[in-house]
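Chemist:
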Amino acid sequence: MSIYTTSPFRPQSDDIYANVQERLASQNAPSPMSVGVEEHKRLRRAAPADIPLRRTLMWVASLPSTVQPTVLVRRFARIANVIATTWADPKTFNAYMESLLIDTRGNRRGFPPEVLAELVALRHYRVAVTDDECVWDAVGRRG
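Take 1 as the starting number for the sequence shown in the working numbering and just add one per residue.
1. Kindly indicate which three-state DSSP category A49 falls into: helix, strand or coil?
2. So, do the segment 54–72 and the segment 106–118 have three or more beta carbon pairs nearer to each other than 8 Å?
3. Who are the near neighbours of V82 in its chain, counting only those whose CB is closer than 7 Å to its CB and skipping five residues on each side?
4. With a threshold of 8 Å between beta-carbons, can V60 be considered close to chain C, or not?
5. Distance check for G110 and D50, CA to CA, integer angstroms please.
6. Grouping DSSP H, G and I as helix and E and B as strand, with all else coil, what is N107?
7. Quick one: Cα of S62 to Cα of D103, how far?
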């Protein structure tokens, strides 16, 4: 048997270039994903969750009933999600709470009184818990 014989499994000469022609045709066609720059920015920007996440609800349930931010979760779920995420890190939590409670831009409306009361209660509770848990943080590391 010769190596030059035609086999039903060998591609024919016109089949070899069929794939190349399809690729060239698809390169010249306009892209279906072409959008304007402003629309692209809007599409790429991730929107924060406007509903409480499961971990946020679990965090709220772990808090004492006197400090649970129920109104905050209902009205400002996005903020409650961030607070629940930063709860484990006191520095990050304090920085975020400060950004919520202190207006550095001069154009914020502020929170409703019941939400503000919950935020302040959370801040005080977190300080109390941090003081109880982190006694050795004040001593520092030797070395």
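A virtual CB, placed ideally from N, CA and C, is assigned to each residue, including glycine.
Every value quoted in this text rests on a predicted model; they were computed, and no experiment measured them.
Modeler: Taking the coordinates as given:
1. For this step, residue 49 is matched to residue 49 along the sequence shown. Note: A49 maps to coil in three-state DSSP.
2. yes
3. In the sequence shown, the residue the question calls residue 82 occupies position 82. Excluding positions up to five away in sequence, the list reads Y96.
4. No chain C is part of this structure, which consists of one protein chain only.
5. Within the sequence shown, the letter at position 50 stands for residue 50. Within the sequence shown, the letter at position 110 stands for residue 110. C-alpha separation (whole angstroms): 18 Å.
6. Taking the sequence shown and counting its residues from 1, one reaches residue 107 at position 107. Three-state DSSP puts N107 in coil, outside helix and strand.
7. The count along the sequence shown starts at 1 and reaches residue 62 at position 62. The count along the sequence shown starts at 1 and reaches residue 103 at position 103. Using only the alpha carbons, I get a separation of about 30 Å.
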